[in-house]
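S.K.:
Number of protein chains: 2
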Amino acid sequence: MERRNTRQLEAIRSYAEHSKSHPTAEDVYREIVKTIPDISLRTVYRNLNKLSEEGILRKIQVPNGPDRFDSTLEPHQHILCTECGEFIDVFMNNEERLLEEIKDLCGYEITGIDVVYRGRCPKH
Amino acid sequence: MERRNTRQLEAIRSYAEHSKSHPTAEDVYREIVKTIPDISLRTVYRNLNKLSEEGILRKIQVPNGPDRFDSTLEPHQHILCTECGEFIDVFMNNEERLLEEIKDLCGYEITGIDVVYRGRCPKH
DNA sequence: TTCCTATTGACAACCGTTGTCAATAGTGAT
DNA sequence: ATCACTATTGACAACGGTTGTCAATAGGAA
Numbered sequence: 154m155e156r157r158n159t160r161q162l163e164a165i166r167s168y169a170e171h172s173k174s175h176p177t178a179e180d181v182y183r184e185i186v187k188t189i190p191d192i193s194l195r196t197v198y199r200n201l202n203k204l205s206e207e208g209i210l211r212k213i214q215v216p217n218g219p220d221r222f223d224s225t226l227e228p229h230q231h232i233l234c235t236e237c238g239e240f241i242d243v244f245m246n247n248e249e250r251l252l253e254e255i256k257d258l259c260g261y262e263i264t265g266i267d268v269v270y271r272g273r274c275p276k277h
Numbered sequence: 154m155e156r157r158n159t160r161q162l163e164a165i166r167s168y169a170e171h172s173k174s175h176p177t178a179e180d181v182y183r184e185i186v187k188t189i190p191d192i193s194l195r196t197v198y199r200n201l202n203k204l205s206e207e208g209i210l211r212k213i214q215v216p217n218g219p220d221r222f223d224s225t226l227e228p229h230q231h232i233l234c235t236e237c238g239e240f241i242d243v244f245m246n247n248e249e250r251l252l253e254e255i256k257d258l259c260g261y262e263i264t265g266i267d268v269v270y271r272g273r274c275p276k277h
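Taken in order, these protein sequences are the chains called A and B. For what it's worth, my numbering labels the leading residue of the first sequence as 154, then goes sequentially. For what it's worth, my numbering labels the leading residue of the second sequence as 154, then goes sequentially.
#1: In whole angstroms, what is the alpha-carbon distance linking B:Phe240 and B:Ser193?
#2: Can you find the residues in the same chain that come closer than 7 angstroms, C-beta to C-beta, to B:Glu179, ignoring five residues on each side of it along the sequence?
#3: Does B:Leu233 get closer than 8 angstroms to chain A when you measure Cβ to Cβ?
#4: Quick one, which of B:Lys203, B:Pro176, B:Pro228, B:Ile266 has its alpha-carbon nearest B:Arg156's?
#5: Looking at the structure shown, is B:Val268 part of a helix, part of a strand, or coil, going by DSSP?
#6: Across the segment 227–246 of chain A and the segment 219–231 of chain B, are there enough close Cβ pairs to call them in contact, namely three or more that are closer than 8 angstroms?
#7: Taking buried to mean at least 16 other C-beta atoms within 10 Å of its own C-beta, is B:Arg183 buried or exposed?
#8: Among B:Glu207, B:Val186, B:Ile266, whose alpha-carbon lies nearest the alpha-carbon of A:Ile213?
#9: Could you give the distance in angstroms between the alpha-carbon of A:Leu258 and the alpha-carbon of B:Lys187?
#10: In whole angstroms, what separates the C-alpha of A:Glu163 from that of A:Met245?
#11: Closest to B:Tyr270 by CA distance: which of A:Arg199, A:Cys274, A:Asn217 is it?
#12: Chain A beta carbons: is any one of them nearer than 8 angstroms to that of B:Thr225?
#13: Taking the alpha-carbon of B:Phe222 as reference, which of B:Glu206, B:Glu207, B:Lys276, B:Leu201 has the nearest alpha-carbon?
#14: Quick check on B:Val186: does DSSP put it in helix, strand or coil?
#15: Which runs of the alpha helix (DSSP H) at least 4 residues long sit entirely within the segment 190–270 of chain A? Give them in chain order.
#16: Along the chain, where does the alpha helix (DSSP H) that runs through A:Arg160 open and close?
#17: Tell me, to the nearest whole angstrom, how far the beta carbon of A:Cys274 is from that of B:Glu253; I am working on the premise that it is less than 8 angstroms.
#18: Using DSSP's beta-bridge definition, name the partner residues of A:Arg156.
#19: If we cut at 8 angstroms on Cβ distances, does B:Gly272 have a partner in chain A?
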């Protein structure tokens, strides 16, 4: 399974790798299409998925919203503003006084936390 | 805005409220349709959403999967087995030795944690 | 019973994402 | 350069889960 460096992959990699805004596939597409007008959204999806499988990006599956792609690989969480859609990083250490810490750090008032761990159950 | 007690709402409430299995709307529909054959999936969605807005159920938005409805209102998290789809509760207190705790508690080996807090940003 | 309107069921549409497949374009060998 | 091979692409359609729409139905107070 040979690996090929296409214009499309390179453009997507360099954009997503340097982006700090947690872009969605749509976001990436709207940017890349300016320089590669005939690129397809399908290809953006394919390459973003490939890059996240390779560990170059991290795919963030946002409940009730499009996936976002994150170039920051260090473990951290995210906050989504339910009013304006702003999506920011949170780096936290201890969970105890987390909510107050978050409010101190960035002014967000948390209205919901939905955590879903993923894993393999004892049978697998 | 008067409130009406329909057969459909009552059936959905009593099933979901007593269920311990985090049913999806489909799950609820497949059960209720046995006793109310002409109920529609649309109505199941509507009433599950209504019940979770009223705080009677908790809606869990699972990334890349259908929403689940939880009758356990105490704060807790969930684990989804990526192999068999089993979906279980986790009650945790401190985050520090969380992963080892989880493994001790229920044998799950965590392969991913995607946390998205929701809130209002300082502008709102 | 009557009337009002909340709720329903049928249906279509939505969004984000992936499947399919023939056409295209990297890449390594000649 | 040219070739042949096949990974990748772009088109298009389809998917799954959920919600919008709207005329028909059925609670519930008078």
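For each residue, glycine too, the CB sits at the ideal point set by N, CA and C.
M.R.: From the atom records:
#1: 25 angstroms
#2: Pro219
#3: yes
#4: B:Lys203
#5: strand
#6: no
#7: exposed
#8: B:Ile266
#9: 52 angstroms
#10: 33 angstroms
#11: A:Asn217
#12: no
#13: B:Leu201
#14: coil
#15: 194–206, 251–259
#16: 160–171
#17: With a Cβ gap of about 17 angstroms, A:Cys274 and B:Glu253 do not count as contacting.
#18: Answer by DSSP bridge pairing: none, since A:Arg156 is not bridged.
#19: yes
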